[in-house]
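Chemist: My questions all concern the structure below.
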Amino acid sequence: MALKIDTRKSEGVTIMSCHGRIVFGEEATALRENLKKVLSSTRQVVLNLAGVNYIDSGGLGTLVGVYSSARASGAEIKLTGLGQRLRDVLQITKLVTVFEVYDTEQEAIATFHRGAA
Amino acid sequence: MAFQTIVGPSSGTGSGVFPTLVFVQGNEQRVINLDHSPFGVGRKVDKDLVIADPRVSRDHALIVSENGVFSVVDQGSKHGTFVNGERVERKTLERNDRLEFGVREVAYVIFNPQHGTTNSAREFLSQISGMHISDETTDLEKLVLFLEAARKLNTIGVLDEILMTLLDVTLKLTRAERAYVYMKNAHGELRLAAGRNAKGEPLLDDKTISHSILEDALKSNSEFVLTDTSRSVDLTGRKSIVAYDLRTVICVPLRKPQVHATRDAEAPAGAMSAEVMGALYVDSRFASRDISGVSNDILHAIATEAASLIENARLVQAEEAGRRYQQELSIAASIQQRLMAVTIPEVPFAKLAGRNLSCKEIGGDFFDAVNTEEGLTIVLADVSGKGVSAALLASTLQGMIYSQLTAGMPLTDIVTAVNRFFTDKNIGEKYATVIIARVQNNGDVEYVNCGHILPLIVSNGEVQRPAQGNLPVGLLPDAKYQSDHCRLKPGDRLVLVTDGVTEAENARGDFFEDSRLEQAAISGTLEKIFIAISDFCGGTPLNDDCTIVELMYTG
Chain A
995 MALKIDTRKS EGVTIMSCHG RIVFGEEATA LRENLKKVLS STRQVVLNLA
1045 GVNYIDSGGL GTLVGVYSSA RASGAEIKLT GLGQRLRDVL QITKLVTVFE
1095 VYDTEQEAIA TFHRGAA
Chain B
4 MAFQTIVGPS SGTGSGVFPT LVFVQGNEQR VINLDHSPFG VGRKVDKDLV
54 IADPRVSRDH ALIVSENGVF SVVDQGSKHG TFVNGERVER KTLERNDRLE
104 FGVREVAYVI FNPQHGTTNS AREFLSQISG MHISDETTDL EKLVLFLEAA
154 RKLNTIGVLD EILMTLLDVT LKLTRAERAY VYMKNAHGEL RLAAGRNAKG
204 EPLLDDKTIS HSILEDALKS NSEFVLTDTS RSVDLTGRKS IVAYDLRTVI
254 CVPLRKPQVH ATRDAEAPAG AMSAEVMGAL YVDSRFASRD ISGVSNDILH
304 AIATEAASLI ENARLVQAEE AGRRYQQELS IAASIQQRLM AVTIPEVPFA
354 KLAGRNLSCK EIGGDFFDAV NTEEGLTIVL ADVSGKGVSA ALLASTLQGM
404 IYSQLTAGMP LTDIVTAVNR FFTDKNIGEK YATVIIARVQ NNGDVEYVNC
454 GHILPLIVSN GEVQRPAQGN LPVGLLPDAK YQSDHCRLKP GDRLVLVTDG
504 VTEAENARGD FFEDSRLEQA AISGTLEKIF IAISDFCGGT PLNDDCTIVE
554 LMYTG
């Protein structure tokens, strides 16, 4: 399994750090399951993808899927740590317009504290 | 006896070797296990075999078993019961007898029809035993020979045959009166799979066996449990032993052969895991022989060999199922190939070429081209994921787009409609990136790009990347789509690729990427680009489908 996920809490926000590849199969499933679990107890999640060097169409689908269900239940997922490759993918697929992307974890956490708009 | 194996799926049936009835009515044919007696036939809905015809009496007949012999007994029916065309009141049944109840020809039952391989295993084994076994051969050696031969037979073997052979051999060697084999079903419950007595008759029910001893044996860690009730054993709670005068009961739990991933020097050959997949039960009464002296070696051999035997038979069944699945898959793949076959339209102002390189038999990429009044439209799409699920959606997507193109729908309407379809149907996390480009004879191109790799326009040795983009289709229900325009001059080439191209990897983990793609596109046409990709990858196989579509505008 080429994906590792660490979860921790900081200032009331849950931060999930991913390392490896988010691809169709075990990895995408792991991401989905972990996020589901986390979302059952919190509404504020920052997904740090600094350690992710590759995401394929399946992984992207899972990312969007989780994002949508989070929003549907009143929770929010913000992204940070995007490398160039990930940025390119989100750019081409225009998902940059959908996700909230921040340069650092701190910035992402801060937007939660400023209160949901 | 080191048995290298992989764990196969659990076999759900274990129907046991009960006689079967094949019921034929019109076009319908059904196989029914004759697993209890009496077995009722009639028009009433609660019958074991319901024949819905007014000429069949409500309680028409019974099939009964006495001492392993089956008979059909007419219950005073109006139109009679027939065996092989002859009207009967009561008749014993033999293999392949044809039974008719009240009606002739339209519905009938074949009793215990002969299968091609029935008895072949036992016949073969008795041939072997005849050939190799001399008087000096001990019982144990005979058992091992039988079971090894049976294991080899498993290339054509049927689980039921193996079970019966096992019971025969066990009875012969322990000289017990009755033997039963139980198998765990998919839910982990122990179910009677087959039973046989020393006379060779099948035993259909196990009401008189000691279930309590069987349960104890399964819970224990022992290889086998032998209970000799004549030796002042506490019989509280052992109802069957008392009631049916059972003297000796032997239970052998059948444990799954150990899974060896590698040849492990420490693991003993033929080692058993703790997982119980069934049990062998053997007993005899006070009135018959004393079997308590049966050799421990024999029981040990049964315990180890039997489990391997059964597991092997299961694996063969699983392999057969796997083979059938593979066949289905290749049929699906060939259907998909035909659906995806593109007839390149001939137009005076452009030359079109497209090629797809699939990394599996069945894939999620497709391209298409349609020539209408509105222009020459080319489509390239990539459904997320891989394999059968992606292929299924790709074909659906292709159909939707093709039909809307021939109907002359505007490009943005088409992708909006596709997006609605995908998101409404709630397929899950499936989506597709799509690019559609419509070329006019004056070189004007309208394109709508839904999350796809940017198209390339190769013009005068330079590459432009028209950058208008939208979300992929199928991701978000309220996505809005916009198109844009660009222009082709005579000699320009419009190249569309899927991300299998830019994400093609070489052994070092580098990706082909846009820069190499642009270089390759400048230097040559479609074929050249494919060659560049394969040179770059070296021996590393593709991990995603690669499709390239190229339109050369001649004007």
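Respectively, the protein sequence lines represent chains A and B.
With the first letter of the first sequence counted as 1, position 98 gets the number 1092 in the numbering used here; the numbers rise by one all the way through.
With the first letter of the second sequence counted as 1, position 446 gets the number 449 in the numbering used here; the numbers rise by one all the way through.
Where is the CB? At the ideal position from N, CA and C, for every residue including glycine.
Who are the neighbours of Ser450/B on chain A, taking C-beta pairs under 7 Å?
Modeler: If you number the second sequence from 1, residue 450/B lands on position 447. At residue 450/B the sequence reads Tyr, which differs from the Ser that was named. Under the 7 Å cutoff, chain A gives no residues; its nearest Cβ is about 14 Å from Tyr450/B.
Chemist: Can you pull the DSSP bridge partners for Gly281/B?
Modeler: Here the question's residue 281/B lines up with position 278 in the second sequence. Looking at the DSSP assignment, Gly281/B forms a beta bridge with Met186/B and Leu257/B.
Chemist: At least one CB of chain A closer than 8 Å to the CB of Gly29/B: is that the case?
Modeler: Counting from 1 along the second sequence, the entry for residue 29/B is found at position 26. With 8 Å as the cut-off, Gly29/B does not count as an interface residue toward chain A.
Chemist: Determine the direct distance from the alpha carbon of Phe369/B to that of Pro348/B, and round the result to whole angstroms.
Modeler: Within the second sequence, residue 348/B is the residue found at index 345, counting from 1. Within the second sequence, residue 369/B is the residue found at index 366, counting from 1. Cα to Cα, Pro348/B sits roughly 16 Å from Phe369/B.
Chemist: Assuming the contact rule is C-beta atoms closer than 8 Å, Tyr1061/A and Phe1093/A should be a hit. Round their C-beta distance to whole Å, please.
Modeler: Here residue 1061/A is taken as the residue at index 67 of the first sequence, counted from 1. Here residue 1093/A is taken as the residue at index 99 of the first sequence, counted from 1. Tyr1061/A to Phe1093/A, Cβ: 7 Å. Contact.
Chemist: Using only alpha-carbon positions, find the residue among Thr528/B, Ile305/B and Pro480/B that is nearest to Thr177/B.
Modeler: Indexing the second sequence from 1 puts residue 177/B at position 174. Measuring from the Cα of Thr177/B, the nearest candidate turns out to be Ile305/B.
Chemist: Applying the 10 Å Cβ sphere with the 16-neighbour rule, what's the burial state of Pro12/B?
Modeler: For the purposes of this step, residue 12/B is taken as the residue at position 9 of the second sequence. Because Pro12/B sits at a pLDDT of 25, beneath the cut-off of 50, its placement in the model cannot be relied upon, and the point is left open.
Chemist: What in chain A is Cβ-close to Lys389/B, meaning under 8 Å?
Modeler: Numbered from 1 along the second sequence, position 386 holds the residue referred to as residue 389/B. Per Cβ cutoff of 8 Å: Phe1018 and Gly1052.
Chemist: Establish whether the CB of Lys1030/A and some CB of chain B are separated by less than 8 Å.
Modeler: Taking the first residue of the first sequence as 1, we reach residue 1030/A at position 36. Not an interface residue.
Chemist: Using a Cβ cut-off of 7 Å, pull out every chain A residue sitting near Lys433/B, in sequence order please.
Modeler: As a working note, residue 433/B is residue 430 in the second sequence. Going along chain A in sequence order, the residues near Lys433/B (Cβ under 7 Å) are Gly1055.
Chemist: Can you pull the chain A neighbours of Gly454/B, defined as C-beta to C-beta under 7 Å?
Modeler: Walking along the second sequence from the start, residue 454/B turns up at place 451. Within 7 Å Cβ-Cβ: Ile1086, Thr1087 and Lys1088.
Chemist: Quick check: what's the CA-CA separation for Asp248/B versus Leu302/B?
Modeler: Locating residue 248/B in the second sequence gives position 245, where the first residue counts as 1. Locating residue 302/B in the second sequence gives position 299, where the first residue counts as 1. Each residue's Cα considered, the two are about 23 Å apart.
Chemist: What do you reckon, are the CB atoms on Tyr450/B and Ser486/B nearer than 8 Å?
Modeler: Numbered from its first residue, the second sequence carries residue 450/B at position 447. Numbered from its first residue, the second sequence carries residue 486/B at position 483. In contact: Tyr450/B and Ser486/B (Cβ atoms closer than 8 Å).
Chemist: Count the CB pairs spanning the segment 506-525 of chain B and the segment 312-326 of chain B that are closer than 8 Å, and state whether there are at least three.
Modeler: Judged by Cβ distances under 8 Å, the segment 506-525 of chain B makes no contact with the segment 312-326 of chain B, as fewer than three pairs qualify.
Chemist: Would you list, in sequence order, the uninterrupted beta strand (DSSP E) runs of no fewer than 3 residues that lie entirely inside the segment 423-454 of chain B?
Modeler: Runs found: 435-442 and 447-453.
Chemist: Please state whether DSSP places His82/B in a helix, a strand or coil.
Modeler: Indexing the second sequence from 1 puts residue 82/B at position 79. Correct three-state label for His82/B: coil.
Chemist: For Glu1027/A and Ile334/B, what's the separation of their Cα atoms in angstroms?
Modeler: In the first sequence, the residue the question calls residue 1027/A occupies position 33. In the second sequence, the residue the question calls residue 334/B occupies position 331. Distance between the alpha carbons of Glu1027/A and Ile334/B is about 34 Å.
Chemist: DSSP on His559/B, reduced to helix/strand/coil?
Modeler: Residue 559/B lies beyond the range of chain B shown here (4 to 558); nothing can be said about it.
Chemist: Under a three-way DSSP split, which group does Met1010/A fall into?
Modeler: For the purposes of this step, residue 1010/A is taken as the residue at position 16 of the first sequence. Met1010/A: strand per DSSP, three-state reduction.
Chemist: Tell me, please, whether the CB atom of Ala264/B is closer than 8 Å to any CB atom in chain A?
Modeler: If you number the second sequence from 1, residue 264/B lands on position 261. Its pLDDT being 44, under 50, Ala264/B is placed unreliably by the model, and the measurement read from it follows with that caveat. By this cut-off, Ala264/B is not an interface position.
Chemist: Give the single residue among Gly390/B, Phe424/B and Gly378/B whose Cα lies nearest to the Cα of Met412/B.
Modeler: For the purposes of this step, residue 412/B is taken as the residue at position 409 of the second sequence. Comparing Cα-Cα distances from Met412/B to each of Gly390/B, Phe424/B and Gly378/B, the minimum goes to Gly378/B.
Chemist: Taking beta-carbon pairs under 7 Å, can you tell me which members of the segment 469-485 of chain B lie near chain A?
Modeler: Answer in chain order: Gly472, Asn473, Leu474, Pro475, Leu478 and Leu479.
Chemist: Between which residues of its own chain and Val245/B is the CB-CB distance below 7 Å, once the five residues before and five after are set aside?
Modeler: For the purposes of this step, residue 245/B is identified with residue 242 of the second sequence, where counting begins at 1. Leu238.
Chemist: Residues of chain A with CB under 9 Å from Thr436/B, in chain order?
Modeler: Numbered from 1 along the second sequence, position 433 holds the residue referred to as residue 436/B. In chain order: Ser1051, Ile1086 and Thr1087.
Chemist: Is the CB-CB distance between Phe425/B and Val391/B below 8 Å?
Modeler: Stepping through the second sequence from its first residue, residue 425/B is reached at position 422. Stepping through the second sequence from its first residue, residue 391/B is reached at position 388. No, they are not a contact pair.
Chemist: From Ala196/B to Ala64/B, what distance separates their C-alpha atoms?
Modeler: As a working mapping, residue 196/B is identified with position 193 in the second sequence. As a working mapping, residue 64/B is identified with position 61 in the second sequence. Answer to the nearest angstrom: the Cα atoms are 27 Å apart.
Chemist: Going by DSSP, what residues sit across from Phe369/B in a beta bridge?
Modeler: Position 366 of the second sequence holds residue 369/B. Phe369/B is bridged to Ala384/B.
Chemist: Put Cys549/B into one of helix, strand or coil per three-state DSSP.
Modeler: Here residue 549/B refers to the residue found at position 546 of the second sequence. In the structure shown, Cys549/B sits in a strand (DSSP, three-state: E or B).
Chemist: Closest Cβ-Cβ distance between Leu457/B and chain A: below 8 Å?
Modeler: Residue numbering aside, residue 457/B sits at position 454 when the second sequence is read from its first letter. Yes, Leu457/B counts as interfacial toward chain A.
Chemist: Would you please verify whether the beta carbon of Val1058/A is less than 8 Å from any beta carbon of chain B?
Modeler: Working through the first sequence from its first residue, we reach residue 1058/A at position 64. With 8 Å as the cut-off, Val1058/A counts as an interface residue toward chain B.
Chemist: With 8 Å as the threshold, decide whether the Cβ of Val1092/A is near any Cβ in chain D.
Modeler: No chain D appears in this structure, whose protein chains are A and B.
Chemist: Indicate whether the contact test is met: 3 or more Cβ pairs, each with one atom in the segment 188-208 of chain B and one in the segment 164-173 of chain B, closer than 8 Å.
Modeler: Yes: at least three Cβ pairs fall under 8 Å.
Chemist: Within its chain, find whatever has a CB closer than 8 Å to the CB of Lys47/B; leave out the 5 residues flanking it on each side and keep chain order.
Modeler: Position 44 of the second sequence, counting from 1, holds the residue named residue 47/B. Closer than 8 Å at Cβ, skipping near neighbours: Val53, Arg61 and Asp62.
Chemist: In three-state terms, what does DSSP make of Ile456/B?
Modeler: Against the second sequence, residue 456/B aligns to sequence position 453. DSSP places Ile456/B in coil when its eight states are reduced to three.
Chemist: Residues in the same chain with beta-carbon distance under 6 Å from Ala440/B, minus the five sequence neighbours each way, listed in chain order, please.
Modeler: For the purposes of this step, residue 440/B is taken as the residue at position 437 of the second sequence. Closer than 6 Å at Cβ, skipping near neighbours: Ile381, Val448 and Tyr450.
Chemist: Alpha carbons only, please: which of Ala1104/A, Val1017/A, Glu1005/A and Lys1072/A is nearest the one belonging to Thr1091/A?
Modeler: Translated into the one-based positions of the first sequence, residue 1091/A becomes position 97. Here the closest residue by C-alpha is Lys1072/A.
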